[in-house]
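**Student:**
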Amino acid sequence: MKYAATAITVVFICWLFQMDRHEQRRASWVVWIPVIWFGIICSRPVSVWLQPNRDTNYVERFTEGSPVDATVYGLLILVGLLVLNRRAARMKQFLQLNLPLLLFFLYCAVSLSWSDAPMVGFKRWIKAVGDLVMVLLVLTDVDPEHAINRMYARVGFVLLPMSVLFIVAYPALGTMYDATEHVTMYTGVTTFKNELGVLCMACGLGALWSLIGAYKDRAMMNRGRHMIAQGITFLLALGLVIRADSMTSFSSFLLAGAVMVLASLPWMERRAPVLVGVFVTAVAAAGFSLFLSSGAGILESLGRNSTLTGRTTIWKAVLAQKINPLTGAGFESFWMGDRMEAVWSMSQRGIQQAHDGYLELYLNLGWMGLALIGVLIVTGFYAGLALYRRDAQAGRLRIALMTAELVYVFTEAGFRMMSPDWLAFLLAITVMPLAAAPDANAVRLFELGRRRREVRVLQ
Numbered sequence: 000m001k002y003a004a005t006a007i008t009v010v011f012i013c014w015l016f017q018m019d020r021h022e023q024r025r026a027s028w029v030v031w032i033p034v035i036w037f038g039i040i041c042s043r044p045v046s047v048w049l050q051p052n053r054d055t056n057y058v059e060r061f062t063e064g065s066p067v068d069a070t071v072y073g074l075l076i077l078v079g080l081l082v083l084n085r086r087a088a089r090m091k092q093f094l095q096l097n098l099p100l101l102l103f104f105l106y107c108a109v110s111l112s113w114s115d116a117p118m119v120g121f122k123r124w125i126k127a128v129g130d131l132v133m134v135l136l137v138l139t140d141v142d143p144e145h146a147i148n149r150m151y152a153r154v155g156f157v158l159l160p161m162s163v164l165f166i167v168a169y170p171a172l173g174t175m176y177d178a179t180e181h182v183t184m185y186t187g188v189t190t191f192k193n194e195l196g197v198l199c200m201a202c203g204l205g206a207l208w209s210l211i212g213a214y215k216d217r218a219m220m221n222r223g224r225h226m227i228a229q230g231i232t233f234l235l236a237l238g239l240v241i242r243a244d245s246m247t248s249f250s251s252f253l254l255a256g257a258v259m260v261l262a263s264l265p266w267m268e269r270r271a272p273v274l275v276g277v278f279v280t281a282v283a284a285a286g287f288s289l290f291l292s293s294g295a296g297i298l299e300s301l302g303r304n305s306t307l308t309g310r311t312t313i314w315k316a317v318l319a320q321k322i323n324p325l326t327g328a329g330f331e332s333f334w335m336g337d338r339m340e341a342v343w344s345m346s347q348r349g350i351q352q353a354h355d356g357y358l359e360l361y362l363n364l365g366w367m368g369l370a371l372i373g374v375l376i377v378t379g380f381y382a383g384l385a386l387y388r389r390d391a392q393a394g395r396l397r398i399a400l401m402t403a404e405l406v407y408v409f410t411e412a413g414f415r416m417m418s419p420d421w422l423a424f425l426l427a428i429t430v431m432p433l434a435a436a437p438d439a440n441a442v443r444l445f446e447l448g449r450r451r452r453e454v455r456v457l458q
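Quick note on numbering: numbering that gives the first Met the number 0 labels position 294 of the sequence shown as 293, and the sequence is numbered without any gaps.
#1: Using beta-carbon positions only, say whether A4 and A168 come within less than 7 Å of one another.
#2: Return the chain-ordered list of same chain residues with a C-beta closer than 7 Å to the C-beta of K91, the five sequence neighbours on each side being excluded.
#3: Quick one, which of S288, L100, V157, F249 has its alpha-carbon nearest F11's?
#4: Give a yes or no on whether the C-beta atoms belonging to W208 and L396 are separated by under 7 Å.
#5: Let me know if A363 comes out buried or exposed under the rule of 16 or more other beta-carbons within 10 Å of its beta-carbon.
#6: Closest to Y151 by CA distance: which of L386, V163, V137 is it?
#7: Name the residue from V128, K1, R24 whose alpha carbon lies nearest to the alpha carbon of F330.
#8: Counting only the same chain and skipping the five closest in sequence on each side, list residues whose C-beta sits under 8 Å from that of L111.
#9: So, are the CB atoms of L325 and G365 less than 7 Å apart?
#10: What do you get for K192, buried or exposed, if any count of 16 or more other CB atoms within 10 angstroms of its CB means buried?
#11: Could you check which residue in L433, R20, C107 has the C-alpha nearest to that of A213?
#12: Out of curiosity, what's the CA-to-CA distance linking V153 and S27?
#13: Across the stretch 194–206 and the stretch 220–227, are there enough close Cβ pairs to call them in contact, namely three or more that are closer than 8 Å?
#14: Could you have a look at Y357 and say whether DSSP puts it in helix, strand or coil?
#15: Could you check if W36 is buried or exposed, using at least 16 other CB atoms within 10 Å of its CB as the buried criterion?
#16: Count Cβ pairs between the stretch 96–108 and the stretch 369–383 that sit closer than 8 Å; are there 3 or more?
#17: Using three-state DSSP, classify G174 as helix, strand or coil.
#18: Report buried or exposed for P145, applying the criterion of at least 16 other Cβ atoms within 10 angstroms of its Cβ.
#19: In the DSSP output, what is V182 paired with across the bridge?
#20: In or out: D140 buried (at least 16 other Cβ within 10 Å) or exposed?
#21: Check whether the stretch 275–292 touches the stretch 246–254, taking contact to mean three or more Cβ pairs, one atom from each stretch, closer than 8 Å.
#22: Pick out whichever of F165, V258, G230 has its Cα sitting closest to the Cα of A399.
#23: Per DSSP, what kind of secondary structure is W36 in: helix, strand or coil?
#24: Under 8 Å by Cβ, that's how I've got A459 and E268 pegged, so tell me the actual separation to the nearest angstrom.
#25: May I have the straight-line CA-CA distance separating L131 from D177, to the nearest angstrom?
#26: Count the other CB atoms, across all protein chains shown, that sit within 10 Å of the CB of S344; report buried if there are 16 or more and exposed otherwise.
#27: Check for me: the alpha helix (DSSP H) holding H225 runs from which residue to which?
#28: Do G460 and G383 have their C-beta atoms closer together than 7 Å?
#29: Specify the secondary structure class of G212 as computed by DSSP and reduced to three states.
#30: Quick check: what's the CA-CA separation for A69 versus L75?
#31: Using three-state DSSP, classify M259 as helix, strand or coil.
#32: From which residue to which residue does the alpha helix (DSSP H) around D337 run?
#33: Nearest to P419 by CA position, among S114, E340, V134, is which residue?
#34: Going by C-alpha to C-alpha distance, which of V45, L83, A255 sits closest to S65?
#35: Is the separation between the beta-carbon of R310 and that of H354 shorter than 7 Å?
Structure below.
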């Protein structure tokens, strides 16, 4: 039974890749670098894939890390930096347009000077820079829109069917038992149900975006095949996020998906300012249902109580810890040592996040960090709206991804390095040059290990 299910899944994955193969547009091999990175952060670290039953204590998990993982991440970052160095002209444009983003990462690095464990924080900062490198690899591609499409499609085509396989045929890998609630949790290729939820949210939105793009592009070759592949991927993501019972990801998925669909309507494309109201309404509605007492009925309809499944207890516990309110504990440094033990004693053992993105940022980077992320949200949304005005297909993805992240961080620690939602947020807020390439008809693409060659962009 297991072998048959595995064989069927492999064939199904190959079929999805074949159905979504593009004859008109070919992605550079460089796209595989962010695909591998995105695939790892959407599923499990390489060390866990190699040793799924390996058990580590909490201190090792939060501070030491794995040499195998460090090697893999380091190699991906190194190759990515070498490629970006070959794209120096475009990189200069991106850096000039994204000074607030660079300032945020610089502040994160400076905050390590007051961290309790600066070396541990520095390792995490390097990984955070890796997220930015992967985003820049995609956005500086000769065809950035297609590169984004390929990144989401390749990861979704593999990880979503594999999650179904793990849950159905390999429950020891795809499920876990919650001894506290006495229920079975579905994790798929991830290590926790909420991680499966955010995988589905990210890949599901990517599939919906590609589906809408194929539907609106009447000139696309084999348009029906692409719509079938992306439609199946979207339905897989929707079914799995419901199965995972991850209500934060589910709500973010639905609201961001609704924003994306509305942004695809012809009358909306001619009235971009209306999209601002749609965006604000979606985010405000999520906050209303979570934090106002009159929203308790909505929570109950989602199967959650007014404590947000124990999150309010965690919030009280972390706010009781002493940190510098202006600067925080230092980049990714709050969950260490005595503070972590104190929070565990006041809430639940084993947690490693505040279950609120803004609160998590405050704990690590203080009010300064919150101010910087606020600047990124404002400038990123303005840039996304400007992109939507000149390229609705590219712009609607940015607006939807930002919607998903701002809803997600209400009850989960978004804005954290090496997570699918953070990578999506970076994609959404990174400002792109007006031109996709220096020359709209032909560009020189410099690739590692290959000669310089002319690549013509099909219109």
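Backbone N, C-alpha and C define an ideal beta-carbon position, used for all residues, glycine too.
**Tutor:** Here's the rundown:
#1: For the purposes of this step, residue 4 is identified with residue 5 of the sequence shown, where counting begins at 1. For the purposes of this step, residue 168 is identified with residue 169 of the sequence shown, where counting begins at 1. Yes, they are a contact pair.
#2: Counted from its first residue, the sequence shown places residue 91 at position 92. The same chain holds no residue with a CB closer than 7 Å to that of K91 once the five nearest residues on each side in sequence are set aside.
#3: In the sequence shown, counting from the first residue as 1, residue 11 sits at position 12. Among S288, L100, V157, F249, the Cα nearest to that of F11 is on V157.
#4: Sequence index remark: in the sequence shown, residue 208 carries index 209 (1-based). Sequence index remark: in the sequence shown, residue 396 carries index 397 (1-based). In terms of Cβ geometry, W208 and L396 form a close pair [threshold 7 Å].
#5: The residue given as residue 363 occupies position 364 in the sequence shown. According to the sequence as given, residue 363 is Asn; it is not Ala. N363 should be labelled buried.
#6: Within the sequence shown, numbered from 1, the residue matching residue 151 stands at position 152. When only C-alpha atoms are compared, the closest one is V137.
#7: As a position in the sequence shown, residue 330 is number 331, starting the count at 1. Checking every option, the nearest Cα to that of F330 belongs to V128.
#8: The sequence position of residue 111 within the sequence shown is 112, counting from 1. In its chain, beyond the 5 residues on either side, P117, G120, F121, W124, G329, F330, S332 have a beta carbon closer than 8 Å to the beta carbon of L111.
#9: Locating residue 325 in the sequence shown gives position 326, counting from the first residue. Locating residue 365 in the sequence shown gives position 366, counting from the first residue. Remark: C-beta atoms of L325 and G365 approach each other more closely than 7 Å.
#10: Stepping through the sequence shown from its first residue, residue 192 is reached at position 193. Buried is the call here.
#11: Within the sequence shown, numbered from 1, the residue matching residue 213 stands at position 214. When each option's Cα is compared against that of A213, the closest is R20.
#12: Residue mapping note: residue 153 aligns to position 154 of the sequence shown, counting from 1. Residue mapping note: residue 27 aligns to position 28 of the sequence shown, counting from 1. The question names Val, but residue 153 is Arg in the sequence shown. Taking the straight line from one Cα to the other gives about 13 Å.
#13: No: the two stretches stay apart, fewer than three of their Cβ pairs being nearer than 8 Å.
#14: On the sequence shown, position 358 is the one that residue 357 refers to. Assignment of Y357 by DSSP, reduced to helix, strand and coil, places it in the helix class.
#15: On the sequence shown, position 37 is the one that residue 36 refers to. Buried.
#16: Touching, per the Cβ criterion.
#17: Residue 174 sits at position 175 when you count from the first residue of the sequence shown. Rather than Gly, the amino acid found at residue 174 in this sequence is Thr. Annotated three-state conformation of T174 is strand, per DSSP.
#18: Taking the sequence shown and counting its residues from 1, one reaches residue 145 at position 146. The amino acid occupying residue 145 in the given sequence is His; Pro does not appear at that position. Residue burial annotation: H145 is buried, with at least 16 other C-beta atoms found within 10 angstroms of its C-beta.
#19: Looking up residue 182 in the sequence shown gives position 183. Looking at the DSSP assignment, V182 forms a beta bridge with D177.
#20: Position 141 of the sequence shown, counted from the start, is the residue given in the question as residue 140. Answer is buried; the Cβ neighbour count reaches 16.
#21: Segments in contact, yes.
#22: Position 400 of the sequence shown, counted from the first residue, corresponds to residue 399. Distance from the Cα of A399 is smallest, within the candidate group F165, V258, G230, for V258.
#23: Reading the sequence shown from its first residue, position 37 is the one you call residue 36. Of the three classes helix, strand and coil, the one that applies to W36 here is helix, per DSSP.
#24: Nothing can be reported for residue 459: it is not among the residues displayed for the chain, which extend from 0 to 458.
#25: Within the sequence shown, numbered from 1, the residue matching residue 131 stands at position 132. Within the sequence shown, numbered from 1, the residue matching residue 177 stands at position 178. Rounded to the nearest angstrom, the two C-alpha atoms are 35 Å apart.
#26: Counting from one through the sequence shown, the residue named residue 344 turns up at place 345. In the assembly as shown, S344 is an exposed residue. Its beta-carbon has fewer than 16 other beta-carbons within 10 Å.
#27: Taking the first residue of the sequence shown as position 1, residue 225 is located at position 226. Where H225 is concerned, the enclosing alpha helix (DSSP H) stretches over 222–243.
#28: This structure cannot settle anything about residue 460, because the visible part of the chain is limited to 0 through 458.
#29: Here residue 212 refers to the residue found at position 213 when the sequence shown is read from its first residue. In this structure, G212 counts as helix in the three-state DSSP scheme.
#30: Your numbering for residue 69 matches position 70 in the sequence shown. Your numbering for residue 75 matches position 76 in the sequence shown. Straight through space, the alpha carbons of L75 and A69 are spaced by roughly 10 Å.
#31: By 1-based counting over the sequence shown, the position of residue 259 is 260. In the three-state reduction of the DSSP assignment, M259 falls in the helix class.
#32: Here residue 337 refers to the residue found at position 338 when the sequence shown is read from its first residue. Unbroken alpha helix (DSSP H) run through D337: 336–345.
#33: As a working mapping, residue 419 is identified with position 420 in the sequence shown. It is V134.
#34: Here residue 65 is taken as the residue at index 66 of the sequence shown, counted from 1. Cα-wise, what sits closest to S65 is V45.
#35: For the purposes of this step, residue 310 is taken as the residue at position 311 of the sequence shown. For the purposes of this step, residue 354 is taken as the residue at position 355 of the sequence shown. Yes, Cβ-Cβ distance for R310 and H354 is below 7 Å.
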